[in-house]
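Asks: Input: one structure, supplied below.
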Amino acid sequence: MRVVFKKSYDPDIDLHEHGWSRGKIVVLLGIMILLPFFVGEYYLAEAANTLIWALAGMGLMIAVGHTGQVSLGHAAFLAIGAYTDAALMNVGMPFWVALPAAGIVAGVFGAVIAIPAVRMSGIYLAIATLAVFVIVEELVILLEPITGGVGGIMAPTITFFGISFDRYGELENFYWLTLGIVALVTWGYANLMRSPTGRSFLAVRDSEVSARALGINVTRTKSLAFGLSSGVTGLAGALMGHYIGFFNYELFSIFISINLLLVVTIGGLGFIQGAFLGAILITGMPQVIAILRDNLNASTGIDIGSIPGLDTMLFSVILILFIIFEPTGLYGRWLKIRTWFEIFPLARRDMFRRQKSYLKTERMK
Amino acid sequence: MELLQLVIGGLANGCIYGLVALGFVLIYKASEGVNFAQGDMMMLGAFIALGLGNSEQAGLPFGLAVIIAIVLMFGIGWGVERVVVRRIFGQPQFALVILTIALGFVFRFVAGSIWGYTPLVLETPFAGMNLRGGGIVISVSDLVTIAVTVVLTLALWAFFAFTKIGLAAQAASQNQMAAYIVGVPVMRINSLIWGLSGAVATVAGVLYATRGAIDPNIGLLGLKAFAAAVIGGLGSLPGALLGGLIIGVVEPVAGRYAPGELAKMSPYIIMLLVLVTRPGGLFAQIQMKKV
Chain A
380 MRVVFKKSYD PDIDLHEHGW SRGKIVVLLG IMILLPFFVG EYYLAEAANT
430 LIWALAGMGL MIAVGHTGQV SLGHAAFLAI GAYTDAALMN VGMPFWVALP
480 AAGIVAGVFG AVIAIPAVRM SGIYLAIATL AVFVIVEELV ILLEPITGGV
530 GGIMAPTITF FGISFDRYGE LENFYWLTLG IVALVTWGYA NLMRSPTGRS
580 FLAVRDSEVS ARALGINVTR TKSLAFGLSS GVTGLAGALM GHYIGFFNYE
630 LFSIFISINL LLVVTIGGLG FIQGAFLGAI LITGMPQVIA ILRDNLNAST
680 GIDIGSIPGL DTMLFSVILI LFIIFEPTGL YGRWLKIRTW FEIFPLARRD
730 MFRRQKSYLK TERMK
Chain B
447 MELLQLVIGG LANGCIYGLV ALGFVLIYKA SEGVNFAQGD MMMLGAFIAL
497 GLGNSEQAGL PFGLAVIIAI VLMFGIGWGV ERVVVRRIFG QPQFALVILT
547 IALGFVFRFV AGSIWGYTPL VLETPFAGMN LRGGGIVISV SDLVTIAVTV
597 VLTLALWAFF AFTKIGLAAQ AASQNQMAAY IVGVPVMRIN SLIWGLSGAV
647 ATVAGVLYAT RGAIDPNIGL LGLKAFAAAV IGGLGSLPGA LLGGLIIGVV
697 EPVAGRYAPG ELAKMSPYII MLLVLVTRPG GLFAQIQMKK V
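The listed protein sequences derive, respectively, from chains A and B. In case it helps, the working numbering puts the first sequence at residues 380 to 744. In case it helps, the working numbering puts the second sequence at residues 447 to 737.
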């Protein structure tokens, strides 16, 4: 167990608890930067995909994990981001204008949606976002001049300073660009969570009434959090558009929203690390299933590839098992394992026992 | 005349939305959880009835097949509560939301692997029978749908208003701990209510199947039914039915007189409007939250 000896107040508000944790982040970032030199094209593309999912997951994490607002419609903000970016670049805007614009448009849209929606409590907000998702999906088809309607739209190649960031031609460049954006957003997110604004998010999540009593403007905090959340998701949407290359409204189905929820829940609600772990799981799982399927087919002759919908089913079962047995997600499990090692002989089984809670109604008379 | 025809078809459709919404409301009333798998439970119920009743499958008489399907789905709903939902007792509400969405996918997979993904038609004794009068055609299945819905809603309302178990369920939803203390078997009541909502879902599914072909993806209708439940105010039985009827009628009328995409959006636009103007739905149940 590490004891941090504090000589001033700075370590209390520092982003990293101690130098070692800062070092770990630097090492991780270094490995990620050097990745293109070690792995092949295929795995690099998967890594870029994972980073994009992690970015989208971070977006949803602000709302679900840190402010306690469940959204079932975040695919809508991915779509808004992707279409804004692609449409702006198709009329000749450079990428460094189109990408922030995608984030801002999605963010403002999210915040505007959130202002009436935050008056609703928990479950109603989830439903309202679902409705927004359906409406956005239909709007995409209606606004054909901008979005290409059912036919779809092409996300042009990113170039600035004469360097091409084409996803197929210059995959390394695209990967580094994605990594840079994800690293910047993560850094901003981590810093946000130690600012008064971030702390007020947590206060609102834990108890709205107490937060209000402490002088937090709950409505403003909630819509700010939702706006930020959808803005980050919009950025991820823009990158996803470039990653896919050519897309139509079907890319952003309700399943994407659910996969995003899967990312944050399985990863670990309320932890930034959780978004990354969840993204690794969700992009890695189909590959693992495909490999297992091929092996099974080669060794025993059982062809499970012919069963439609098996992937979705497996995802669902994993999700159910996680919610029942490990509601804190992968990162929560890691924390438990780490604590076990840190305090080695002293760990006890009931240390992380959940407190029993009872449901109290929201319908008070 | 055309409008009247649309409205009658819409009413029958709305009854089905209303019935699925009743399933939501039942569970919400008893445990304040929301079961997003309700639409898929409806789908599963319809398929079980089809598997038992169709001549090339088990071939039982229609009435018997429906009754067995209802009993089976009661068991499935009860079992889901017993095996899965009970374990997340006391976790935040959205855990149940995510859990039931996942359950819905599992149901869809099960139905898809047993009955396949091509649309199937349920054989009913009143298929193709129509009543004509004054330029309007009313199919018998529409009438049956409306009649069954009315009877079922009244029965459920009476169940919650007058029976001991119904009152106990309401008590359990308002304060679980207090309900425990006064001797309400909260867990058992939850199982019962989930079973009941499975049975209601089966009725909705069979009625839906009398009006057209079914495939494992009809569970997505649950989303519209959800909108119906929210419009009525979650937790209000007549509200759910009213919400279903509003959506059922507005949809075909909008489809006839407005551009196509608007008709698809209409249930959700109505829901958003209701949520913005009356956050608790038309029959609001939420008052100020206490600490």
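C-beta: ideal position from N, C-alpha, C; glycine also. Every value quoted in this text rests on a predicted model; they were computed, and no experiment measured them.
Which two residues bound the contiguous alpha helix (DSSP H) that contains L577 of chain B?
Replies: That residue, L577 of chain B, is in no alpha helix (DSSP H); its beta strand (DSSP E) goes N576 to G579.
Asks: Using a C-beta to C-beta distance shorter than 8 Å, which residues of chain A count as neighbours of F540 of chain B?
Replies: V443, V449, G501, I502 and A505
Asks: Give the DSSP-derived three-state secondary structure of L563 of chain A in the structure shown.
Replies: helix
Asks: So for N552 of chain A, helix, strand or coil by DSSP?
Replies: helix
Asks: Buried or exposed: Q622 of chain B, going by 16 or more other Cβ atoms within 10 Å of its Cβ?
Replies: buried
Asks: So, for A709 of chain B: in the same chain, excluding its five sequence neighbours on each side, which residues have a beta-carbon less than 7 Å away from its beta-carbon?
Replies: E697, A700 and G701
Asks: Mind checking which residues open and close the beta strand (DSSP E) that includes S585 of chain B?
Replies: I582 to S585
Asks: Along the chain, where does the alpha helix (DSSP H) containing S609 of chain A start, and where does it finish?
Replies: V597 to I623
Asks: Run through DSSP, which three-state label would F544 of chain A get?
Replies: coil
Asks: Count the other CB atoms, across all protein chains shown, that sit within 10 Å of the CB of R657 of chain B; report buried if there are 16 or more and exposed otherwise.
Replies: Buried: at least 16 other Cβ atoms inside 10 Å.
Asks: Would a check of beta-carbon distances place Q537 of chain B closer than 8 Å to chain A?
Replies: yes
Asks: Against chain A, does I494 of chain B count as a neighbour if the rule is that its beta carbon must be under 8 Å from one of theirs?
Replies: no
Asks: Where V330 of chain A and G708 of chain A are concerned, what is the direct C-alpha to C-alpha distance, given to the nearest angstrom?
Replies: Outside the shown range of chain A, which is 380 to 744, sits residue 330 of chain A, and nothing can be said about it.
Asks: Count the other CB atoms within 10 Å of the CB of E629 of chain A; is the residue buried (16 or more) or exposed (fewer)?
Replies: Exposed is the call here.
Asks: What does V561 of chain A reach in chain B if we use C-beta pairs closer than 7 Å?
Replies: Those do not exist, as V561 of chain A stays about 25 Å from chain B at its closest Cβ, beyond 7 Å.
Asks: By Cβ distance, which residues of its chain are closer than 7 Å to S636 of chain A, with the 5 residues on each side in sequence left out?
Replies: Excluding positions up to five away in sequence, the list reads L451, G452, H453, A454 and F512.
Asks: Straight-line CA distance for G350 of chain A to G612 of chain B?
Replies: Because chain A spans 380 through 744 in this model, residue 350 of chain A falls outside it and cannot be assessed.
Asks: State yes or no: is the beta carbon of I637 of chain A nearer than 8 Å to at least one beta carbon in chain B?
Replies: yes
Asks: Classify N596 of chain A: buried if its beta carbon has 16 or more other beta carbons within 10 angstroms, exposed otherwise.
Replies: exposed
Asks: Just checking: is the beta-carbon of G558 of chain B within a distance shorter than 8 Å of some beta-carbon in chain A?
Replies: yes
Asks: State the CB to CB distance for the pair G679 of chain B and G726 of chain B, rounded to an integer number of angstroms; the pair is presumed to be in contact (CB under 8 Å).
Replies: With a Cβ gap of about 5 Å, G679 of chain B and G726 of chain B count as contacting.
Asks: For chain A, check one thing: does any of its Cβ atoms lie closer than 8 Å to the Cβ of E527 of chain B?
Replies: no
Asks: To test your reading of the DSSP string, which unbroken alpha helix (DSSP H) runs of 4 or more residues are found completely within the stretch 633-701 of chain A?
Replies: 633-646 and 651-679
Asks: Three or more C-beta pairs under 8 Å: does that hold for the stretch 482-490 of chain B against the stretch 620-639 of chain B?
Replies: no
Asks: Under 7 Å Cβ-Cβ, which residues of chain B neighbour L640 of chain A?
Replies: In chain order: I544.
Asks: Let me make sure I understand the geometry here. Which of B:D588, B:A659 and B:F508 has the alpha-carbon closest to that of Q451 of chain B?
Replies: B:D588
Asks: List the residues of chain E that E517 of chain A touches, going by C-beta distances under 7 Å, in chain order.
Replies: Among the chains of the structure shown, chain E does not appear; the protein chains present are A and B.
Asks: Starting from the Cα of N469 of chain A, find the closest Cα among A:G531, A:V443, A:A726 and A:T718 and give me that residue.
Replies: A:G531
Asks: Going by CA-CA distance only, name the one from A:T679, A:G606, A:L522 and A:P706 that's closest to F650 of chain A.
Replies: A:P706
Asks: How is I693 of chain B classed by DSSP in three states: helix, strand or coil?
Replies: I693 of chain B carries a helical assignment under DSSP once its states are collapsed to helix, strand and coil.
Asks: Exposed or buried, N459 of chain B, counting other C-beta atoms within 10 Å across all chains shown (16 or more means buried)?
Replies: buried
Asks: Determine the direct distance from the alpha carbon of I459 of chain A to that of L602 of chain B, and round the result to whole angstroms.
Replies: Take the alpha-carbon of L602 of chain B and the one of I459 of chain A: they are about 43 Å apart.
Asks: Could you name the residues of chain A that Y714 of chain B contacts, counting a contact when the two beta carbons are closer than 7 Å?
Replies: A510, V513 and I514
Asks: Take the Cβ of V737 of chain B as the centre, count every other Cβ of all protein chains shown within 10 Å, and call the residue buried at 16 or more, exposed below.
Replies: Here V737 of chain B scores only 39 on pLDDT, less than 50, and its place in the model should not be relied on; the value that follows carries that caveat. Classification of V737 of chain B: exposed, given that the 10 Å Cβ count is below 16.
Asks: Per DSSP, which residues does T723 of chain B bridge with? Please list them.
Replies: Looking at the DSSP output, T723 of chain B shares a beta bridge with no other residue.
Asks: Is there at least one Cβ from chain B nearer than 8 Å to I532 of chain A's Cβ?
Replies: no
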